[in-house]
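Trainee: Read in the numbering used here, the sequence shown has 47 at position 38, and its numbers run on one by one without any break. No residue lacks a Cβ here, since even glycine has one placed at the ideal position from N, Cα and C. Sharing a structure, written as structure tokens. Questions coming.
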Amino acid sequence: MTLPKFILGDNTDHPNAIFVIHTDFPRFIINLEDDEVEWFEDFDQHDQKELELETENLIKEATAFYDREVARYEE
């Protein structure tokens with residue numbers, strides 16, 4: 010099965026949260042309500058520097074994905 014790069018998720022235990030799941034490496038869930046990120050990967054010091062550079066781009070991509078999905082629902 011081929012997974013999409015991003016998946017929207019919600020949970021009734023967190024009614025205000027907007028979760029976007031990133032399925033490619035590095036895998037993570039971001040809550041767009043507060044930009045909290047939970048990583049599914051373990052990183053070493055070398056990875057940490059690269060991750061810091063990439064995190065901003067990944068958050069922008071996740072936010073753009075959410076905005077696109079919401080716009081499609083509104084059509």
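(1) If you check the beta carbons only, do E47 and F34 fall under 8 Å apart?
(2) Excluding the 5 residues flanking A26 on each side, which residues of the same chain have their C-beta closer than 6 Å to its C-beta?
(3) Measure the C-alpha to C-alpha separation of F49 and T32 and round it to an integer number of angstroms.
(4) What residue range is occupied by the uninterrupted alpha helix (DSSP H) comprising V55?
(5) According to DSSP, is H31 helix, strand or coil?
Mentor: In short, the structure shows the following:
(1) no
(2) N40 and E42
(3) 10 Å
(4) Note on identity: in this sequence residue 55 is His, with Val being the wrong assignment. Unbroken alpha helix (DSSP H) run through H55: Q54 to E83.
(5) strand
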